Amino acid sequence: MNEKTKRAIRAGVILAFISIVIGLLIYSRIQAYSLAPTSTPIELRGYPLWQIPIIYLYDYFSHGVICLLFAFTMAGLIYEFIPKETITKYMASSKAIGYGLALLMAPFLTVCSCTMVPLFGGILYAGAGIGPAITFLLMAPASNILAILLTGELISWELAGVRVVASATTALLAGLIISKTPWGKAVEKEHQIGAMPSSAAKVEIVKPPLDERLWTALKFGAYLAKQILPYFILGLIIVGYLEVFLPEEIIREYLTGVDGVILASVIGGPLYTPTLVEIVLGRGIWVREGVILSKGALLSWLMGQPYDFANALAVSKIAKWKVVATYMLIAWAGSVTFGMLYGLLSGSL
Amino acid sequence: MQNIPSGEEYMTEVKVEVIGTDPPCMRCQAAKKAVEKAAEKLKTVGVKVVIEKVNVMSKETVQKYGVLVSPAIAINNTVKIMGRVPSPEEVEKLLLEAAK
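If you want it as structure tokens, here you go:
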């Protein structure tokens with residue numbers, strides 16, 4: 122067998138695996154069985170304390186494994202095959218394109234701080250300035266492909282859609298407002314370099330053969346899973362207990378309605394949870410037996426997670442505290458406003 | 163590869179910049195390891211590899227290469243790899259090409 126056939130076979134095997142993963146998800150859709158846990162609090166209450174997480178996790182993974190497999194495979198594939206060179210080239214061209222790309226591309230590029238941090242810096246230094254950079258930063262945690270898929274599967278696709286639209290609007294507003302403030306302008310002025318790549322340096326990306334790219338994509342998906350799943354499982358254990366012991370009355374009392382939205386946005390912010398855990402936690406608090414107690418409050422909660430610490434650390438070196446404070450304030454205001462609005466419009470405040 | 167003479171008579175120097183975030187992200191570290199492994203191997207055939215760690219967020223980097231996605235690897239001032247972790251074998255091949 123020569124090198125070429127070997128490569129073709131390898132690529133074929135990986136493509137077959139990917140098709141199976143996609144096929145499984147479609148099959149689960151056709152069969153219309155739930156990918157989210159199905160055991161009810163009353164059932165769970167019958168078990169001893171230590172058994173609850175085990176049963177809950179088993180329940181979750183027996184349903185959710187297809188969804189997780191699909192989510193991580195897709196995240197890996199999209200990240201590998203999205204034309205990064207083209208994006209980085211256009212990021213720097215103009216303000217309007219900067220905002221557009223920040224909004225459209227954040228979902229695909231932000232599964233890893235390896236991408237977020239340099240792009241934030243790049244947009245700020247060489248390109249469209251502080252506005253699009255902030256938009257990108259705020260859009261990122263809410264709209265990466267993993268978050269969208271899991272919000273859709275675990276909570277509801279309607280909420281996943283609303284989350285993206287609401288986050289995009291808030292992110293755009295935050296970018297526009299901060300770029301108009303004197304302190305925002307100061308940061309921009311201090312950092313902008315304008316000049317384009319010097320002639321001595323070039324960018325000539327080498328593309329490996331298809332089978333290697335596919336393999337890299339799967340490896341990256343696995344890497345993401347390794348990073349995220351431990352927190353995710355921990356989150357599920359907490360949620361198992363929450364569903365059993367947090368009485369519905371308390372949630373109805375404090376975490377729904379106008380106060381509910383405000384409270385959700387306030388605890389959603391400082392209570393930093395790593396990526397994706399906010400989704401399971403939100404589900405554990407507001408979803409009871411498939412019914413969302415308050416769509417508005419849940420949206421507020423999901424949007425109240427505007428910051429990722431790893432990124433914040435790198436970013437805070439550049440942005441001044443005033444910029445960070447403005448950014449937090451707008452993010453919070455956005456989460457409250459959209460929570461209320463969505464709650465009122467959907468009749469589930 | 164047999165034709166490459168060993169020792170002092172063959173002294174090609176290749177400059178490699180490993181461009182990553184600071185504090186380093188895991189994938190940037192993985193990329194650096196791949197480069198180090200390749201460099202170690204090339205030492206035996208007489209190619210000297212100078213590895214430099216570059217911060218992707220620094221103004222100098224952006225000025226030089228434009229906006230990048232880390233981890234990126236530049237060989238002799240040309241970015242060859244961006245946004246992925248290469249295998250040591252791939253880096254080795256690229257380095258040998260540059261050493262010619």
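For the protein sequence lines, the chains are A and B, in the order given. This note's numbering numbers the first residue of the first sequence as 122 and each following residue consecutively. This note's numbering numbers the first residue of the second sequence as 163 and each following residue consecutively. Heads up, the beta-carbon is just placed ideally off N, CA and C, and yes, glycines get one too. What you are looking at is a predicted structure, and each value in this text was computed from that prediction instead of being measured.
Cβ-based burial, residue i [other Cβ within 10 Å; buried from 16]
{"i": "Y375(A)", "result": "exposed"}
{"i": "T161(A)", "result": "exposed"}
{"i": "G169(B)", "result": "Reliability of the predicted coordinates at G169(B) is poor, the pLDDT of 48 falling under 50, and the value obtained from them is presented with this limitation in mind. Under this definition G169(B) is an exposed residue."}
{"i": "T206(B)", "result": "exposed"}
{"i": "M122(A)", "result": "exposed"}
{"i": "K310(A)", "result": "exposed"}
{"i": "A217(A)", "result": "exposed"}
{"i": "E164(A)", "result": "exposed"}
{"i": "L420(A)", "result": "buried"}
{"i": "S437(A)", "result": "exposed"}
{"i": "Q164(B)", "result": "Residue placement at Q164(B) is poorly supported in this model, since its pLDDT is 47, which falls under 50; the coordinates still yield a value, given next. It counts as exposed."}
{"i": "W442(A)", "result": "exposed"}
{"i": "V134(A)", "result": "exposed"}
{"i": "G464(A)", "result": "buried"}
{"i": "R166(A)", "result": "exposed"}
{"i": "Y179(A)", "result": "exposed"}
{"i": "P185(B)", "result": "exposed"}
{"i": "E171(B)", "result": "Reliability of the predicted coordinates at E171(B) is poor, the pLDDT of 48 falling under 50, and no value is obtained from them."}
{"i": "F202(A)", "result": "exposed"}
{"i": "F182(A)", "result": "exposed"}
{"i": "W453(A)", "result": "buried"}
{"i": "W422(A)", "result": "buried"}
{"i": "I143(A)", "result": "exposed"}
{"i": "W407(A)", "result": "buried"}
{"i": "E410(A)", "result": "exposed"}
{"i": "W278(A)", "result": "exposed"}
{"i": "T447(A)", "result": "buried"}
Interface partners of residue i on chain B, CB under 7 Å
{"i": "T209(A)", "result": "G228, V229, L230, V231"}
{"i": "A247(A)", "result": "V224, G228, V229"}
{"i": "T337(A)", "result": "R246"}
CB contact below 8 Å: residue i versus chain D
{"i": "E201(A)", "result": "Any reference to chain D falls outside this structure, whose protein chains are A and B."}
Residue of the options minimising C-alpha distance to residue i
{"i": "V180(B)", "options": "M188(B), K226(B), I237(B)", "result": "I237(B)"}
{"i": "V365(A)", "options": "A261(A), R404(A), A292(A)", "result": "R404(A)"}
{"i": "V401(A)", "options": "G460(A), E206(A), Y362(A), R373(A)", "result": "Y362(A)"}
{"i": "H312(A)", "options": "A247(A), T209(A), A343(A), R128(A)", "result": "A247(A)"}
{"i": "V445(A)", "options": "G378(A), L225(A), Y177(A), I255(A)", "result": "I255(A)"}
{"i": "Y200(A)", "options": "M219(B), E259(B), V247(B), K195(B)", "result": "V247(B)"}
{"i": "I269(A)", "options": "I298(A), I139(A), A192(A), Y148(A)", "result": "A192(A)"}
{"i": "V224(B)", "options": "M237(A), E124(A), L275(A), I244(A)", "result": "I244(A)"}
{"i": "A292(A)", "options": "S140(A), I151(A), I139(A), G425(A)", "result": "G425(A)"}
{"i": "V360(A)", "options": "K328(A), L145(A), G460(A), Y177(A)", "result": "Y177(A)"}
{"i": "V216(B)", "options": "P250(B), G208(B), V241(B)", "result": "V241(B)"}
{"i": "S149(A)", "options": "L190(A), K125(A), G252(A)", "result": "L190(A)"}
{"i": "G460(A)", "options": "K416(A), G356(A), V387(A)", "result": "K416(A)"}
{"i": "K226(B)", "options": "G455(A), L222(A), R334(A), K323(A)", "result": "K323(A)"}
{"i": "G221(A)", "options": "G342(A), L297(A), T272(A), M449(A)", "result": "L297(A)"}
Chain A contact residues for residue i, given Cβ-Cβ distances below 7 Å
{"i": "L256(B)", "result": "V327"}
{"i": "G208(B)", "result": "Near G208(B) there are no residues of chain A at all, since even the closest Cβ is about 24 Å away, more than 7 Å."}
{"i": "E252(B)", "result": "P329"}
{"i": "V180(B)", "result": "The premise fails here: V180(B) is roughly 12 Å from chain A at the closest Cβ pair, so nothing lies under 7 Å."}
Enclosing beta strand (DSSP E) for residue i [first to last residue]
{"i": "T174(B)", "result": "174 to 182"}
Per-residue contacts from residue i into chain A (C-beta, under 8 Å)
{"i": "K199(B)", "result": "Simply none; closest approach about 17 Å."}
Contacts that residue i makes with chain B (C-beta to C-beta distance below 8 Å)
{"i": "K205(A)", "result": "V231, M244, G245"}
{"i": "K323(A)", "result": "N239, T240, V241"}
{"i": "T194(A)", "result": "Simply none; closest approach about 16 Å."}
Contact set between residue i and chain B, taken where Cβ atoms lie within less than 9 Å
{"i": "I244(A)", "result": "V229"}
Host alpha helix (DSSP H) of residue i (start-end)
{"i": "S149(A)", "result": "124 to 152"}
{"i": "P174(A)", "result": "172 to 202"}
{"i": "Y448(A)", "result": "442 to 467"}
{"i": "P162(A)", "result": "162 to 166"}
{"i": "L470(A)", "result": "Unbroken run through L470(A): none, as it is neither H nor E."}
{"i": "S415(A)", "result": "No alpha helix (DSSP H) contains S415(A), which DSSP labels as neither H nor E."}
{"i": "L397(A)", "result": "Where L397(A) is concerned, there is no enclosing alpha helix (DSSP H), given that its DSSP letter is neither H nor E."}
Under 9 Å by beta carbon: chain A residues contacting residue i
{"i": "V212(B)", "result": "Near V212(B) there are no residues of chain A at all, since even the closest Cβ is about 16 Å away, more than 9 Å."}
{"i": "V216(B)", "result": "Here the premise fails: no neighbours, minimum Cβ distance about 11 Å."}
**Prompt:** What are the complete alpha helix (DSSP H) segments, minimum 4 residues, inside the segment 210 to 257 of chain A?
**Reply:** 216 to 230, 234 to 247
**Prompt:** Can you give, in chain order, each stretch of the beta strand (DSSP E) that sits fully within the segment 311 to 387 of chain A and has at least 3 residues?
**Reply:** none
**Message:** What ranges does the beta strand (DSSP E) occupy inside the segment 181 to 258 of chain B, keeping only unbroken runs of at least 3 residues that lie completely in it?
**Reply:** 209 to 217, 234 to 237, 240 to 244
**Request:** Scan the segment 253 to 308 of chain A and note each continuous beta strand (DSSP E) run of 3 residues or more that stays entirely inside, going in chain order.
**Result:** none
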